[in-house]
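Colleague: Below: one structure in structure tokens.
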Amino acid sequence: MNKILKDQFMIDQLSDNQKETITSINSYINESIKGNQHAVAVIQGAAGTGKSVVLMNLVTKYMTDKRYKTALVVNHPELFKAYQDLAHDIPGMKEKDILRPTALINRAQKNNWKYDVIFVDEAHLLYSKPEPYAHYRGENQLTDLMNLAKIVVVVYDFAQVFQSKMYWSQDLLRQTVGSHPYRQFDMDFQYRMVASSEQVQWMDDLTAQKPLMPFPRNSDFDFKVFSTAGDLYEEVKAKNREVGLSRVVATSGFPRIDGRHNVEMDTFSLPWDEWDPQRTHWAKRESSITQVGTIYTLQGFDLNYVGMIIGPSFGYDDKTDSMTILPEKYSHKEIFKKRKDIKFTSKEYQDFIANVLNVLIKRGKYGMYLTAYDDQLRQRLVDLYQNEC
Numbered sequence: 006m007n008k009i010l011k012d013q014f015m016i017d018q019l020s021d022n023q024k025e026t027i028t029s030i031n032s033y034i035n036e037s038i039k040g041n042q043h044a045v046a047v048i049q050g051a052a053g054t055g056k057s058v059v060l061m062n063l064v065t066k067y068m069t070d071k072r073y074k075t076a077l078v079v080n081h082p083e084l085f086k087a088y089q090d091l092a093h094d095i096p097g098m099k100e101k102d103i104l105r106p107t108a109l110i111n112r113a114q115k116n117n118w119k120y121d122v123i124f125v126d127e128a129h130l131l132y133s134k135p136e137p138y139a140h141y142r143g144e145n146q147l148t149d150l151m152n153l154a155k156i157v158v159v160v161y162d163f164a165q166v167f168q169s170k171m172y173w174s175q176d177l178l179r180q181t182v183g184s185h186p187y188r189q190f191d192m193d194f195q196y197r198m199v200a201s202s203e204q205v206q207w208m209d210d211l212t213a214q215k216p217l218m219p220f221p222r223n224s225d226f227d228f229k230v231f232s233t234a235g236d237l238y239e240e241v242k243a244k245n246r247e248v249g250l251s252r253v254v255a256t257s258g259f260p261r262i263d264g265r266h267n268v269e270m271d272t273f274s275l276p277w278d279e280w281d282p283q284r285t286h287w288a289k290r291e292s293s294i295t296q297v298g299t300i301y302t303l304q305g306f307d308l309n310y311v312g313m314i315i316g317p318s319f320g321y322d323d324k325t326d327s328m329t330i331l332p333e334k335y336s337h338k339e340i341f342k343k344r345k346d347i348k349f350t351s352k353e354y355q356d357f358i359a360n361v362l363n364v365l366i367k368r369g370k371y372g373m374y375l376t377a378y379d380d381q382l383r384q385r386l387v388d389l390y391q392n393e394c
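Position one of the sequence shown corresponds to residue 6 (my numbering), numbered consecutively onward.
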């Protein structure tokens, strides 16, 4: 089995918390399979809490057992590739049973297929409205999946919602589940990063536009702030040569310069990540060290070190001493598409943008290197960092 994927999804030593969660979900799945009420099991937790590890343990158990009709769906192209790769190395697991949700729904409805269990990773990426451009004409993908299975096991992180067409909240989830049997399994321990709980809280406070504070120095997590993106890139390249899986990422909003759709800042100029039909996912490709990653290539994946460039849609307010979100400078317009059934507030649109940054800064297991496009924000972050060193 590919070592990178195994280390992320198939770890040998589960924690007591993970074992207890798996045992509880197993009991609920078995109970639900015996009935016929279209139950839902929700695995909920923040980025890095080991949700995918728990899910893959369950997936391996049920999708290799011929007694059950099962499927695994994920609405993320890079993660979809990773799960297909894993299927090749798990005896009894079939690649054809791993699908994007629209493909599974359309095929199952056409052929009248029914399932015992459908597993959904990154369920916060399910469409909660029709999306004809993506060939989905239903009203809500979770509703459709529930109608196809005795139990749907979904992984949710509401802090990873960043588009109106994939909008989810606790209220909308419960409304969608309705009167169906439902059980939630919470995961709140940080497994991805070696960072302390105080350091993770610092990241959350940054994206929540709270007053800036020095980064806590109470773990082995490597944190540095750079005054130039060029210097940050050199550090990331050095880490990539040393331990691999180190990449530069950025948020949206960088202006086009002479027609180039690049991330350009001081001496740094690299293209955004590119969709590539090849099987190897972006995070694992060595060539991606010469590109800038986004939410679309890195959500759900671990890096060893992440170099985070905070884009132009984030500024600084010296009155509140906090990072601010500037929606008018956010260039990825999918975030702002309107819906007939929900009217989003300005604060909710800001939350979508904050969630993108929050997910990206938590990609690195062992360290995060930081800079910002906005001059005032970058200088404030540099000052705080230099004062604490």
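The C-beta atom is built at its ideal place from N, Cα and C for all residues, glycine as well.
Please read all numbers here as calculations on a predicted model, not as lab measurements.
Does the separation of the CB atoms of D379 and P317 fall below 8 angstroms?
Modeller: One-based indexing of the sequence shown puts residue 379 at position 374. One-based indexing of the sequence shown puts residue 317 at position 312. In this structure, P317 lies closer than 8 angstroms to D379 by Cβ.
Colleague: Skipping 5 residues on each side, what residues in its chain have a beta carbon closer than 6 angstroms to that of I294?
Modeller: Residue numbering aside, residue 294 sits at position 289 when the sequence shown is read from its first letter. If we look at I294 and ignore the five residues flanking it on each side, its Cβ neighbours are N245.
Colleague: In terms of alpha-carbon separation, which member of A92, K66 and F124 lies closest to I48?
Modeller: Mapped onto the sequence shown, residue 48 falls at position 43. It is F124.
Colleague: Does DSSP put A44 in a helix, in a strand, or in coil?
Modeller: Taking the sequence shown and counting its residues from 1, the one referred to as residue 44 is at position 39. DSSP places A44 in strand when its eight states are reduced to three.
Colleague: Here's the rule I'm using: 16 or more other beta-carbon atoms within 10 Å means buried, otherwise exposed. How should Y88 be labelled?
Modeller: Numbered from its first residue, the sequence shown carries residue 88 at position 83. Classification for Y88: buried.
Colleague: Taking only runs that begin and end inside the stretch 68-153, name each unbroken alpha helix (DSSP H) of 4 or more residues, in chain order.
Modeller: 82-93, 106-116 and 146-153
Colleague: Would you list the one or two residues that DSSP bridges to T329?
Modeller: Within the sequence shown, residue 329 is the residue found at index 324, counting from 1. Answer by DSSP bridge pairing, in chain order: G320.
Colleague: Enumerate, from N- to C-terminal direction, the unbroken alpha helix (DSSP H) stretches of 4 or more residues contained entirely within the stretch 145-214.
Modeller: 146-153, 175-182 and 202-212
Colleague: Please state whether DSSP places A377 in a helix, a strand or coil.
Modeller: Counted from its first residue, the sequence shown places residue 377 at position 372. It is a strand residue.
Colleague: Should M6 go down as buried or exposed, given a rule of 16 or more other Cβ atoms within 10 Å for buried?
Modeller: Taking the first residue of the sequence shown as 1, we reach residue 6 at position 1. Note on M6: pLDDT 49, under 50, position unreliable in the model; the coordinate value appears next. Counting Cβ neighbours within 10 Å, M6 comes out exposed, since fewer than 16 surround it.
Colleague: Verify whether the separation of the beta carbon atoms of I27 and V59 is less than 8 angstroms.
Modeller: As a first step, residue 27 must be located in the sequence shown, where it is residue number 22. As a first step, residue 59 must be located in the sequence shown, where it is residue number 54. Result yes, Cβ atoms of I27 and V59 sit closer than 8 angstroms.
Colleague: Return helix, strand or coil for Q296, following the three-state DSSP convention.
Modeller: Counting from one through the sequence shown, the residue named residue 296 turns up at place 291. DSSP places Q296 in coil when its eight states are reduced to three.
Colleague: May I ask which residues mark the beginning and end of the alpha helix (DSSP H) holding R222?
Modeller: Looking up residue 222 in the sequence shown gives position 217. Careful: R222 lies outside any alpha helix (DSSP H) and carries neither H nor E.
Colleague: Let's see if you can read the secondary structure: which residues bound the beta strand (DSSP E) around A255?
Modeller: Taking the first residue of the sequence shown as 1, we reach residue 255 at position 250. S251 to A255 is the extent of the beta strand (DSSP E) around A255.
Colleague: Locate the alpha helix (DSSP H) running through T27, then write down its first and last residues.
Modeller: Counting from 1 along the sequence shown, the entry for residue 27 is found at position 22. Here residue 27 is Ile; the residue named in the question, Thr, does not match the sequence. D21 to K39 is the span of the alpha helix (DSSP H), which, as asked, contains I27.
Colleague: Less than 8 angstroms between the C-beta atoms of H43 and M151, yes or no?
Modeller: Counting from one through the sequence shown, the residue named residue 43 turns up at place 38. Counting from one through the sequence shown, the residue named residue 151 turns up at place 146. Yes. Within cutoff.
Colleague: Please report the residue range of the alpha helix (DSSP H) in which E353 lies.
Modeller: Here the question's residue 353 lines up with position 348 in the sequence shown. Run containing E353: S351 to I366, per the alpha helix (DSSP H) assignment.
Colleague: For M208, tell me which candidate among Q381, Q391 and V361 has the shortest Cα-Cα distance.
Modeller: Counting from 1 along the sequence shown, the entry for residue 208 is found at position 203. Comparing C-alpha distances from M208 to each of Q381, Q391 and V361 shows the shortest one belongs to V361.
Colleague: Under three-state DSSP, which class holds I262?
Modeller: As a working mapping, residue 262 is identified with position 257 in the sequence shown. Three-state result, I262: strand.
Colleague: For a quick check, are the C-beta atoms of V64 and L109 less than 8 angstroms apart?
Modeller: The residue given as residue 64 occupies position 59 in the sequence shown. The residue given as residue 109 occupies position 104 in the sequence shown. Result no, Cβ atoms of V64 and L109 do not sit closer than 8 angstroms.
Colleague: With a CB to CB cut of under 8 angstroms and the five nearest residues on each side skipped, what residues in its chain are close to G97?
Modeller: Taking the sequence shown and counting its residues from 1, the one referred to as residue 97 is at position 92. So the list reads M68, T69, D70 and K71, once near-sequence residues are dropped.
Colleague: So what does DSSP say about L60, is it helix, strand or coil?
Modeller: Sequence index remark: in the sequence shown, residue 60 carries index 55 (1-based). Three-state DSSP puts L60 in a helix.
Colleague: Short of 8 angstroms in beta carbon distance, which residues of its chain neighbour S224, apart from the five on each side in sequence? Order them along the chain.
Modeller: Your numbering for residue 224 matches position 219 in the sequence shown. Contacts found: V199, A200, S201 and Q204.
Colleague: Whole-angstrom Cβ separation of I315 and V253, contact assumed at under 8 angstroms?
Modeller: If you number the sequence shown from 1, residue 315 lands on position 310. If you number the sequence shown from 1, residue 253 lands on position 248. Wrong, their Cβ atoms sit about 12 angstroms apart, outside the cutoff.
Colleague: Nearest-angstrom Cα distance between K24 and A288?
Modeller: Mapped onto the sequence shown, residue 24 falls at position 19. Mapped onto the sequence shown, residue 288 falls at position 283. If I take the Cα positions, the gap works out to 28 angstroms.
Colleague: In three-state terms, what does DSSP make of Q391?
Modeller: Residue mapping note: residue 391 aligns to position 386 of the sequence shown, counting from 1. DSSP places Q391 in helix when its eight states are reduced to three.
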